[in-house]
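The listed protein sequences derive, respectively, from chains A and B. Numbering of the first sequence is given in my numbering, commencing with residue 238 and proceeding in unit increments. Numbering of the second sequence is given in my numbering, commencing with residue 11 and proceeding in unit increments.
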Amino acid sequence: MLGRFFTKLRLLARRKRFRSELDEEMEFHRAQSEREFVSEGMSPKEAYYAAMRQFGNATRLREQSEEAVGFRMETVIQDLGFALRQLRKNPGFGVTAVLILALGIGVSVAIFGFVDAALIQPLPFAQPNRLVDIAESSALFPRSNISRPDYEDWRRYNTTLSSLEAFGGMSYLLHMGGATEPVPALRVSDGFFRVLGVKPILGRDFLPGEDQPGRAKIVMLPYSTWQKRFGGRKDVIGQSVDLSGDNYTIVGVLSREFVWQPRGNAEFFTPLLDKNGCEKRRSCHNLWGVGRLRDGIRVDAARADFKRISAELEAQYPSSNKGQSAAVESLAEAFVGDIRPILFTLLGGAALLLVIACVNVASLLLVRSESRRREIAVRGALGATKARLARQFVTEGLLLTAFGCAAGLLVAAWTMALLGKLVPKSMADGMPFLSHAGLNAHTIIFAAAVATLAAFMLAVTPALRLGEKDLQHALSEGGRGAAGRFWQRLGANLVIVELTVAVVLLAGAGLLGRSFYRLLHVETGFDPTHLATVNVIAPDSKYKTPDDTRQLYLEIERRLMALPGVQSVGMTTDLPVQCNCDTDWIRIVGKPFHGEHNEVDEREVSPNYLATLKAKLIRGRMINAQDDASHPQVIVINESLAKKYFPGEDPIGHKIGNGELTSDSMREIVGVISDVREGGLQEDQWPAEYEAIYRSADTGFTIAARTAGDEKALLPTMVNTLRQVEPGLGIYDEQTMEQQIDSSETALLHKFAMWLVGIFAALALVLGVIGLYGVIAYSVSQRTREIGVRMALGAQRSTVYKLVMRQAAWLTAAGLALGLACSVGVSTLMQKLLFGVQAWDAPTLLAVALILGVAALAASFIPAWRAASVNPTEALRAE
Amino acid sequence: MAKKSDLLPGTLDMLILKTLARSPLHGYGIALSIKRFSEDALTVEEGSLYPALQRLLLAGWLKAEWKMSETNRRARFYTLTRTGRKQLGVEISEFERMIAAIGRVLAAPEEA
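Here is the structure:
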């Protein structure tokens, strides 16, 4: 058997020689026969022809001999050649089919590229599946920061991690080359880089113990900072950098690949060092944890371990740790858990687009195979077996898919690059894995799998037709009816599939669009238009006391108010529509209290801030200029706080404090405003308290200015004015309030999903409607004679319209009904991405039905019109 | 695509093998030899002969080599291999079994 195979292989390799030998042998045979005829008395000429006749068709003979020994390969190459000639003969069909396939394959491969980068490729750390994310958790925050004392206890007492490290965001004022600039940074514990398995490419890592209070101020640079700010020079090691007035010595530089996703824009890494005000208290949470599991320990074992320690801490420190537990999950889950639903939704959308593309090309192939019916019949009559004919179709399908796949890979590469660029920088920093999306082994394998499926579909559909009818029947003109019906049935079914898929995508896009609209029009409780905002950090060395900063606030306000158009200026610690964060635990005097954590958003505001936002005062008064360090502490609360803690009461005049009601924490409620949305667009409305910023010595704050004119134009003027007020100010993130809201991560994710699914849906609609047009137009062309007869017998043009449109209407209705049913199911799956909209949102589904209905009507009107303008005599004569 | 043949179906391979068992021959010689030995009763069509020869070569029952023919032209001569000889035995006994079976059917008495 094996010998036979090798013989065949050898013959294949020496095809030419095999042929020439066979030719020579047969020529010898022919010559011998000729000689014999001559010796029998024929004339040479007669003998020649007799021998030729006797020998028969030499080519056919050679083919038979080759078939006996050759591989199928030979015929495959013939088929390929034929298929190529067929495509060249009809380039319009070929180009359309390849383009549609390239679109379907390209888009799904591109989306898969991102899914691969985010969910499949391992994190770029040593043994990433052993890394865990460690956080605290409470009833309101399933995942919140860790307090430094808790972190230290967790690190000491856990038995499941081989190491636990901490990190926390930080903003420094970088003084370099005479300029001051705020820079994002990360404070990390000593073993942070070791637990990740990241090694510096230059200099050294932080040594154990170097993160302790009082140790030397040192810093490590990420690759990007090294390049950007230090020109990639090797001698940076040992140099010092001025961060917020302190000199930090550079000890190491990290590799280009290292980006720490939770703070991807960090420009400096410093050790934790001294405890800041927050870190001295167990109730103040500002760090995150990352750890490595001990060998053989699973994530749930670690979670149980940390919950155990948390329970002990809760018993030991009830005032700070009541209700505080631990959240432990794999690092990968913590990094990409949030964007998984959106990625799966997009992948689903791309898959649907792929289906519709394949179905579309399959219908094209069907129509073509119909017009090639006679060619096939002729080939069959000449002796081609059914298998041989089917193989021809399979070859053509494979060829199309091969071209489509190659073009699809180009589309994919291009789409991935484009999508990568469309992600705003602020978001891309938090998703470094996006840059790993590209054509790699995973995406190529995926493309191959997709292409295989597509090829199967394209090869099988037209080949199916062969089995359905006998060839003689097809040879005769009258055979058209039967074959036509068959194709119509299959073609119509395919169109229903296309329309169904288009409806599902349209409904998905509609729901996402409505979610996005709802999201942007969510009640914010203030007027976000005409607001310019700027973040500022003042140098600590100059502004030490509340009075220092108060002077700064007043001067800034005075100078900004002098700018043309500016109507009102306010300062705050946090702008609205950011997050339910920077919270405080409150206790209300005179109400029962059992140590529970009454968590509320805590904001410090200048007297004019809430008025600048146009927040509505319901009762009492706003914070005013007298509310400074020399006067008793007062607060304004929002309606949610009033409703939750003072149901049916007037909160004005009530006092609140911290859990222990220490005297310095006591403050009196002087006003109630209607809710201003502090949390993100999608978050719940929380209780909030507004304190006087004039009492605080905090040097980081945000300025909001309301202008009568264009707020965007105000931004640069604002920055300039601020620089004049205080050259040492660090100024960053100058944006209008509306930009702020539109570019919030929630809004961006929704926008991204909406646009992509919207584009998929538009493409699907176009393809689906083209498919419908194809079926109707084909059926009209096949029924020209019937229509001619009908009209000759007196049918009105309107009847002909009705005839054609009824078929279109039936197909559209079937597609719509199926599609709407499916879309409710599919939308339920993406409920997580919807906001304020139900999966069965009637207006959306109605709009989808309307759009598809109108498009379908338009597509079928053209063939209907053509049918109605048939000239009966011509139609009859044509047959 | 079997054309009308004077041969019993399936017997061509056997006849070729048998012919070559006597002496190596080229294709034309094989056809001629079969024709002569059958006293012109059997004609081997070229259209069947050459594919059959390729098949037998592939099966390893024949070997082929180029030699000078009696007319001083290069011709491909086929020789029976050992397995070919074995195969010939198998085919002959198969064939005889079949002929005997047919004979028994034909010899059955006709009913009145």
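C-beta: ideal position from N, C-alpha, C; glycine also.
Distance, residue j Cα to residue i Cα
| i | j | result |
| --- | --- | --- |
| A:Arg1034 | A:Arg1103 | 11 angstroms |
| A:Ala746 | A:Leu338 | 22 angstroms |
| A:Phe989 | A:Val913 | 26 angstroms |
| A:Gln358 | A:Lys662 | 22 angstroms |
| A:Lys544 | A:Thr397 | 12 angstroms |
| A:Arg431 | A:Glu876 | 48 angstroms |
| A:Val771 | A:Glu926 | 22 angstroms |
| A:Ala288 | A:Ala627 | 37 angstroms |
| A:Ala696 | B:Trp71 | 40 angstroms |
| A:Ile855 | A:His891 | 16 angstroms |
| B:Thr89 | B:Leu27 | 9 angstroms |
| A:Val473 | A:Ala644 | 47 angstroms |
| A:Thr652 | A:Ser672 | 13 angstroms |
| A:Val598 | A:Asn677 | 27 angstroms |
| A:Leu1080 | A:Tyr1015 | Note on residue identity: the sequence assigns Pro, not Leu, to residue 1080 of chain A. Their Cα atoms are separated by approximately 34 angstroms. |
| A:Phe255 | B:Gln64 | 11 angstroms |
| A:Thr333 | A:Phe640 | 12 angstroms |
| A:Val275 | B:Phe105 | 37 angstroms |
| A:His987 | A:Lys623 | 53 angstroms |
| B:Arg84 | A:Ala692 | 49 angstroms |
| A:Gly667 | A:Ile968 | 22 angstroms |
| B:Trp76 | B:Phe87 | 6 angstroms |
| B:Gly57 | B:Leu66 | 15 angstroms |
| A:Thr1021 | A:Gly1011 | 15 angstroms |
is_contact[residue i, chain A] using C-beta, thresh 8 angstroms
| i | result |
| --- | --- |
| B:Tyr88 | no |
Proximity test, Cβ basis, 8 angstroms: residue i and chain B
| i | result |
| --- | --- |
| A:Leu1002 | no |
| A:Met263 | yes |
| A:Glu277 | no |
| A:Asn1111 | Here residue 1111 of chain A is Glu; the residue named in the question, Asn, does not match the sequence. Answer no: the Cβ-Cβ gap between A:Glu1111 and chain B never drops below 8 angstroms. |
| A:Glu258 | yes |
Interface partners of residue i on chain B, CB under 9 angstroms
| i | result |
| --- | --- |
| A:His673 | Ordered by position in chain B, no residue passes the 9 angstroms Cβ test against A:His673, which lies about 53 angstroms from the chain. |
Per-residue contacts from residue i into chain B (C-beta, under 7 angstroms)
| i | result |
| --- | --- |
| A:Gln269 | Tyr38 |
| A:Phe292 | Glu56 |
Neighbourhood of residue i by C-beta, 6 angstroms cutoff - its chain only, sequence neighbours within 5 removed
| i | result |
| --- | --- |
| A:Asn523 | Asn382, Gly405 and Cys515 |
| A:Val596 | Leu731, Val734 and Glu735 |
| A:Glu566 | Asp370 |
| A:Phe997 | Gly586, Leu590 and Leu742 |
| A:Pro924 | Val837, Ser877, Leu878 and Lys881 |
| A:Thr899 | none |
| A:Ile593 | Glu735, Val738, Ala1001 and Leu1004 |
Amino acids of chain A, ordered along the chain, whose beta-carbon sits closer than 7 angstroms to that of residue i
| i | result |
| --- | --- |
| B:Ala51 | Chain A residues near B:Ala51: none, gap ~18 angstroms exceeds 7 angstroms. |
Contacts that residue i makes with chain A (C-beta to C-beta distance below 8 angstroms)
| i | result |
| --- | --- |
| B:Arg83 | Phe265 and Ala268 |
Own chain residues within Cβ distance below 7 angstroms of residue i, not counting five before or after
| i | result |
| --- | --- |
| A:Ser547 | Gln561, Ser562 and Ala563 |
| A:Arg577 | Leu356 |
| A:Cys1117 | There is simply no residue 1117 of chain A to check, as chain A begins at 238 and stops at 1116 in what is shown. |
| A:Asp387 | Glu373, Arg519 and Leu550 |
Same chain, Cβ closer than 8 angstroms to residue i, five either side skipped, listed in chain order
| i | result |
| --- | --- |
| B:Thr91 | Gly70, Trp71, Leu72 and Lys73 |
Residue i: CB within 7 angstroms of a non-hydrogen atom of the ligand GTP
| i | result |
| --- | --- |
| B:Leu30 | Within the structure as shown, the ligand GTP is missing, as the structure has no ligands at all. |
Taking 8 angstroms as the cut-off, does the segment 919–939 of chain A touch the segment 860–869 of chain A (at least 3 CB pairs, one atom from each stretch)?
Yes, the segment 860–869 of chain A touches the segment 919–939 of chain A.
Flag this pair as touching only if the segment 1091–1101 of chain A and the segment 1043–1058 of chain A have three or more C-beta atom pairs under 8 angstroms; answer yes or no.
Yes: at least three Cβ pairs fall under 8 angstroms.
Report yes or no: do three or more beta-carbon pairs, one from the segment 30–38 of chain B and one from the segment 260–269 of chain A, lie closer than 8 angstroms?
A contact exists between the segment 30–38 of chain B and the segment 260–269 of chain A.
Would you be able to state if there are at least three C-beta pairs under 8 angstroms between the segment 802–810 of chain A and the segment 840–847 of chain A?
Yes: at least three Cβ pairs fall under 8 angstroms.
Does the count of Cβ pairs from the segment 468–488 of chain A and the segment 522–542 of chain A closer than 8 angstroms reach three?
No, the segment 468–488 of chain A is not in contact with the segment 522–542 of chain A.
Does the segment 407–414 of chain A come close enough to the segment 477–489 of chain A that 3 or more CB-CB pairs lie under 8 angstroms?
Verdict: yes, contact present.
Assess, as a yes-or-no matter, whether the segment 500–512 of chain A is touched by the segment 454–469 of chain A under the definition of 3 or more beta carbon pairs within less than 8 angstroms.
Three or more pairs of CB atoms, one per stretch, sit closer than 8 angstroms, so the segment 454–469 of chain A contacts the segment 500–512 of chain A.
Cβ pair count under 8 angstroms reaching 3, the segment 960–975 of chain A against the segment 772–779 of chain A
Output reads yes: the segment 772–779 of chain A touches the segment 960–975 of chain A.
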